[in-house]
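In full-length UniProt numbering, the protein residues as written are 1 to 185.
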């Protein structure tokens, strides 16, 4: 089969995925970002990479945003928000972080395939994204893609949609954001 056929199928899967995302859950995430003093994002593997791109866009909007695990990441306080990106919602290192964040008193949100997962249940609010777990077993959502690719792609596009909604609510535009783009590249 040609690569262009696979590309078309992936785009169809992403289009179907978009229809399954709750506007109410997405708006709750935007609300929490607006309220937070600092925003932290944590994820493992490819989900973590999608989270890093989200943090970069939040920085472009002038938000005080950080990736957990970087050397320049400050302390988390009760005025802050941490967003966990985890397909399974069962990544042990993320669960440990969520426990710590909850004990500090900050807000915890999860973006996951499984809101009933450990991470989903610990979160103050959860956004359910469609996708398939890495092993693709016992899941009603089928994909031609390997492992967690559909979740990770949906996560990237969802985070970009959250950025657009935030921009709309704050009256920001691309020109404003471009002024914060790295200039030592």
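We treat Cβ as the ideally placed atom computed from N, Cα and C, and that holds for glycine.
| Buried or exposed by the 16-neighbour rule on C-beta atoms within 10 Å, applied to residue 46 | Around the beta carbon of residue 46, 16 or more other beta carbons lie within 10 angstroms, which makes this residue buried.
Would DSSP call residue 111 helix, strand or coil? Here residue 111 carries a strand assignment [DSSP, helix/strand/coil].
Which runs of the alpha helix (DSSP H) spanning at least 4 residues fall entirely within the segment 47 to 126, listed in chain order?
-> Entirely contained in the segment 47 to 126, the alpha helix (DSSP H) runs reaching 4 residues are, in chain order, 92 to 104 and 118 to 122.
inquiry  = Within a Cβ cutoff of 8 Å, which residues of the same chain sit near residue 55, ignoring the five residues on either side of it in sequence?
reply    = Cβ within range, chain order: 39, 41, 65, 66 and 67.
Which residues in the same chain have their Cβ closer than 6 Å to the Cβ of residue 122, if we skip the five residues on either side of it in sequence?
Result list for residue 122: 98, in chain order.
Check: Are the beta-carbon atoms of residue 154 and residue 131 separated by less than 7 Å?
Finding: Judged by beta-carbon spacing, residue 131 lies within the 7 Å limit of residue 154, meaning their Cβ atoms are closer than that value.
Margin query: Taking its Cβ as the centre, do 16 or more other Cβ atoms sit within 10 Å of residue 3, making it buried, or is it exposed?
Written below: Its Cβ having fewer than 16 others within 10 Å, residue 3 is exposed.
- Run through DSSP, which three-state label would residue 21 get? When secondary structure is reduced to three states using DSSP, residue 21 falls in the coil class, being assigned neither helix nor strand.
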